[in-house]
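Single-structure report; data block below.
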Amino acid sequence: MTTLEGTKAYSCILFAPAFEGKTEIPLAVIATLNSDKYKELLLENMQRINGQLSALTVAGWELVQVYTPTTIANSRCYLFRKAKS
């Protein structure tokens, strides 16, 4: 799972392989100078990202590593593996 927070074209959660039939979930674009609106949009994105992380865990996936790639600004990569039973 990768999260990108930037312009409209690049604010999303990406899944590879697809999760629950989805390869992409849009995130709010945080392009505002208003600090209250910025916080509101940031919180909205955090809740959506945390919801997907929780859904992956419930579906039996285990978070292995979180890292920030050097090629894409404002992004995070979450590496999961299928949990052992």
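The opening residue of the sequence shown carries number 26 in the working numbering; numbering runs sequentially from there.
Backbone N, C-alpha and C fix where the C-beta goes; we use that ideal spot for every residue, glycine too.
None of these values were measured; they are calculated from a predicted model.
- Burial check for Glu87: the Cβ neighbour count within 10 Å stays below 16, so the residue is exposed.
- Taken through DSSP and simplified to helix, strand or coil, Leu104 comes out as strand.
- In terms of Cβ geometry, Phe44 and Leu81 form a close pair [threshold 9 Å].
- Put simply, of Ala53, Ala84, Lys62, Leu58 the residue whose alpha carbon is nearest the alpha carbon of Met71 is Ala53.
- Glu45 carries a coil assignment under DSSP once its states are collapsed to helix, strand and coil.
- The beta-bridge partner set that DSSP reports for Pro51 consists of Cys37.
- Between Leu39 and Thr28, the C-beta spacing is below 9 Å.
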